[in-house]
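These protein sequence lines are chains A and B, in that order. Under the working numbering, the first residue of the first sequence is numbered 1202, with each subsequent residue one higher. Under the working numbering, the first residue of the second sequence is numbered 234, with each subsequent residue one higher. Cβ coordinates follow ideal geometry from the N, Cα and C atoms, glycine included. To start, the structure itself, in structure tokens.
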Amino acid sequence: MSVKISVSINGKKYTSEVEPRQLLVYHLREALGLTGSHVGCDTSSCGACTVLVDGQAVKSCTTLAAQVDGCNVITVEGLAKNGSLHPIQEGFKEEHGLQCGFCTPGMIMAAADLLQNNPDPSETEIRHALEGNFCRCTGYHNIVRSIQWAANKLKETNAAVL
Amino acid sequence: MIPANFEYHRAGSVDEALSLLAQPDVYTKVLSGGHSLIPALKLRLSQPGALVDIARIAELRYIRQDGNYILIGSTSTHKDIANSALLAQHIAMLPEAAGLIGDPQVRNVGTIGGSIAHADPAADWPGVLLAADAEIVLRSQAGSRTLAAQDFFLGFYSTALQEGEIVTEIRVPIPAAGTKSTYQKFMQPASRFAIVGCAAVVQVSNGTCSKVRVAFNGVADACFRDVNVENALAGKAPTAENIAAAAAQAAQGVSILSDHYAAEDYRKHLAEVYAKRALTVVAG
């Protein structure tokens, strides 16, 4: 038996029939073609699947699509506006915050949650905010710098995170 | 990993959830944040016929004071508890423990009711609620009952929760003035579950420790209160020597877990170390 869900994803309304067991990350990737959210560990440890649900970072591999019926979901695809990278994405580019790039969408969405609540985080606060996201290439230093770069850019331009 | 098929119902009220839960012939599980249940569904360790989603029942999400108790609605998230000024003021180990659960994404979604209903031996809430002397309120269509945490946690992933019952509230007594509490944890670095977690509550007055309550997570196949440590410190002065002597009694007479993270003797050692750290915070 399927359930009908209606979800705003990156500002666009999607109405879908999903199996109750369908996980949000597979719904995004396979049904809607939004492959920016990655399936890494599939056990809610690595954070590569992180998306925002009603403004809060969640692991979409541990969320049923049915649970977000009526919610507002933002994935990494929803950040760039009018062909311009979001300041967090720009920060990852400027500070070389990625090597293979697999963890990057999740890192960026976790950073978006952090910066919404704490526009001027310390290095320690950034590192704590990334506890749910694993990177196996860069050793986190450049990721932290990327988020600091984004925080500064958002401050300078007086822009909201979302 | 794909869970086995199930039906999904979202309840708008506790009454609706209880009636969905009481459907005959369908093995129905309660879904709250899902951060204990969904991993179990994905591994097919749990294969219910239906889920009742209670996460959006507004009447179950609150943290408020009622006389000498702080009441926590069962769908309060770990983040709600971590950010609660009321709890921080009266019993600091609850927000402290909440902030050590998983990671920000998990704390945004995972709930205290879901965690205790699951009763993972390495979860943080069970031992914290034992040390807090908390009570758990359960509701079914037959009515409501309140159990001491000690009577709720029965063993390995095992609680007193009956079929048709939902955890609706956690009642935390406000400790007497001068009481301090803490939760100290040695965590698995990826999952951040407790390899050893020690919750401690102590009242120090006139240079003497009283009302000592110490409980562990992760050490044995279920949370437990460590009366040997408690008795060793009760009535004594809060000196480093007395704290060390009490902590040395940790995890005696219990069957200690052993796995690839920590062998039995190492876990026992960690229990002593974390008991000492916790008691030093509250009594040192």
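Inset, instruction - Excluding the 5 residues preceding and the 5 following B:R243 in the sequence, name in chain order all residues of the same chain whose CB lies nearer than 7 angstroms to its CB. - result: Cβ neighbours of B:R243 beyond the five flanking positions: D286 and R289.
Inset, instruction - Name, please, each residue of chain A whose Cβ falls closer than 9 angstroms to the Cβ of B:M234. - result: The contacting residues are L1224, D1243, T1244 and C1262.
Legend entry - Segment contact, 8 angstroms Cβ cut-off, at least three pairs: the segment 1288-1297 of chain A with the segment 1317-1331 of chain A: Put simply, the segment 1288-1297 of chain A does not touch the segment 1317-1331 of chain A. Fewer than three CB pairs are less than 8 angstroms apart.
Inset, instruction - Take every Cβ of the segment 296-311 of chain B, pair it with every Cβ of the segment 331-349 of chain B, and state whether three or more of those distances are shorter than 8 angstroms. - result: Flag = yes, the segment 296-311 of chain B and the segment 331-349 of chain B touch.
Legend entry - Cβ neighbour criterion (16 or more within 10 Å) applied to B:Q417: In the assembly as shown, B:Q417 is a buried residue. Its beta-carbon has 16 or more other beta-carbons within 10 Å.
Legend entry - Start-end ranges of the alpha helix (DSSP H) lying completely within the segment 358-413 of chain B, minimum 4 residues: Annotation: the segment 358-413 of chain B contains the following complete segments of the alpha helix (DSSP H) (minimum length 4 residues), in chain order: 358-364 and 382-385.
Inset, instruction - Pick out whichever of A:A1267, A:I1206 and A:A1312 has its Cα sitting closest to the Cα of A:G1248. - result: For A:G1248, the nearest C-alpha among the options comes from A:A1312.
Legend entry - Inter-residue spacing [alpha-carbon to alpha-carbon] between B:S377 and B:L394: Distance between the alpha carbons of B:S377 and B:L394 is about 12 angstroms.
Legend entry - Chain-order list of residues whose beta-carbon lies under 6 angstroms from that of B:G551 (same chain, five-residue window excluded): It is not possible to answer for residue 551 of chain B, since the shown part of chain B is limited to 234 through 517.
Legend entry - Run of the alpha helix (DSSP H) containing B:N217, from where it starts to where it stops: Absent from the structure is residue 217 of chain B, since the part of chain B shown begins at 234 and ends at 517.
Legend entry - C-beta neighbour in chain A for B:V263, strict 8 angstroms: So, not an interface residue.
Legend entry - Runs of alpha helix (DSSP H) lying entirely within the segment 419-478 of chain B, each at least 4 residues, in chain order: Annotation note: the segment 419-478 of chain B contains the following uninterrupted alpha helix (DSSP H) runs of length 4 or greater, listed N- to C-terminal: 460-466.
Legend entry - Under the three-state DSSP convention, the category B:Q417 falls into: Three-state DSSP puts B:Q417 in a strand.
Legend entry - The alpha helix (DSSP H) enclosing A:A1258, as first and last residue numbers: Premise fails: A:A1258 lies in the beta strand (DSSP E), Q1257 to K1260, not in any alpha helix (DSSP H).
Legend entry - Residues from the segment 278-291 of chain B in contact with chain A, defined by Cβ distance under 8 angstroms: Taking a C-beta cut-off of 8 angstroms against chain A, the contacting residues of the segment 278-291 of chain B are L284, D286 and A288, listed in chain order.
Inset, instruction - Figure out for me which residue from B:A448, B:G517, B:A477 and B:V515 has the closest Cα to the Cα of B:A484. - result: Ranking B:A448, B:G517, B:A477 and B:V515 by Cα distance to B:A484 puts B:A448 first.
Inset, instruction - In angstroms with no decimal places, state the Cα-to-Cα distance between B:N464 and B:D384. - result: For B:N464 and B:D384, the distance between alpha carbons rounds to 21 angstroms.
Legend entry - Residue-level contact to chain B via CB, A:P1322, 8 angstroms cutoff: No, A:P1322 does not count as interfacial toward chain B.
Inset, instruction - Check the Cβ of B:N238 against every Cβ in chain A and list those closer than 9 angstroms, keeping chain order. - result: Those are M1202, E1220, P1221 and R1222, listed as they occur along chain A.
Inset, instruction - Have a look at B:D492 and A:T1263 and give me their C-alpha separation to the nearest angstrom. - result: Between the alpha carbons of B:D492 and A:T1263 lies a distance of about 25 angstroms.
Legend entry - Residue from B:R277, B:Q280 and B:Q322 with nearest C-alpha to B:Q298: B:Q298 has its Cα closest to that of B:Q322, out of B:R277, B:Q280 and B:Q322.
Inset, instruction - Give the range of the beta strand (DSSP E) segment to which B:I290 is assigned. - result: Per DSSP, B:I290 lies in no beta strand (DSSP E) segment and is marked neither H nor E.
Legend entry - Neighbourhood of B:Y241 by C-beta distance below 6 angstroms, restricted to the same chain and skipping five residues each side: Within the same chain, B:Y241 has close Cβ partners L284.
Legend entry - Selection from B:P281, B:A409, B:L278 and B:A315 that minimises the alpha carbon distance to B:I296: Nearest C-alpha to B:I296: B:A315.
Inset, instruction - Any chance you could list the beta strand (DSSP E) runs of at least 3 consecutive residues sitting entirely within the segment 1231-1283 of chain A, in chain order? - result: Counting only runs of 3 or more, we get 1251-1254, 1257-1260 and 1273-1275.
Inset, instruction - Establish whether the CB of A:Q1317 and some CB of chain B are separated by less than 8 angstroms. - result: Answer no: the Cβ-Cβ gap between A:Q1317 and chain B never drops below 8 angstroms.
Inset, instruction - Go through its chain and collect everything with a Cβ distance to B:F389's Cβ below 7 angstroms, but skip five positions before and after it. - result: Taking C-beta separations shorter than 7 angstroms and ignoring five residues to either side along the sequence, the partners of B:F389 in its chain run P354, D454 and A455, following chain order.
Legend entry - Outcome for B:Q374 when other beta-carbon atoms lying within 10 angstroms are tallied against a minimum of 16: Answer is exposed; the Cβ neighbour count stays below 16.
Legend entry - Alpha-carbon spacing of B:G300 relative to B:P328, whole angstroms: One C-alpha to the other measures close to 20 angstroms.
Legend entry - Among B:L319, B:R458 and B:A409, nearest to B:S443 - alpha-carbon criterion: When each option's Cα is compared against that of B:S443, the closest is B:A409.
Inset, instruction - Check the Cβ-Cβ distances between B:A355 and every residue of chain A, and say whether any is below 8 angstroms. - result: Using a Cβ-Cβ cut-off of 8 angstroms, B:A355 does not count as an interface residue toward chain A, since no Cβ of chain A sits closer than that to its own.
Inset, instruction - Hey, could you find the ends of the beta strand (DSSP E) A:S1209 is sitting in? - result: Going by DSSP, A:S1209 is part of the beta strand (DSSP E) stretching over V1204 to I1210.
Legend entry - B:N461: contacting residues in chain A (beta-carbon distance under 9 angstroms): Going along chain A, no residue has its Cβ under 9 angstroms from B:N461, so there is no contact; the nearest lies around 34 angstroms.
Legend entry - C-beta atoms of B:Q338 and A:A1258 nearer than 8 angstroms: Taking 8 angstroms as the Cβ cut-off, B:Q338 and A:A1258 qualify as a contacting pair.
Legend entry - Proximal residues to B:A255 (C-beta, below 6 angstroms), its chain only, five neighbours per side dropped: These residues qualify, in order along the chain: Q374 and G397.
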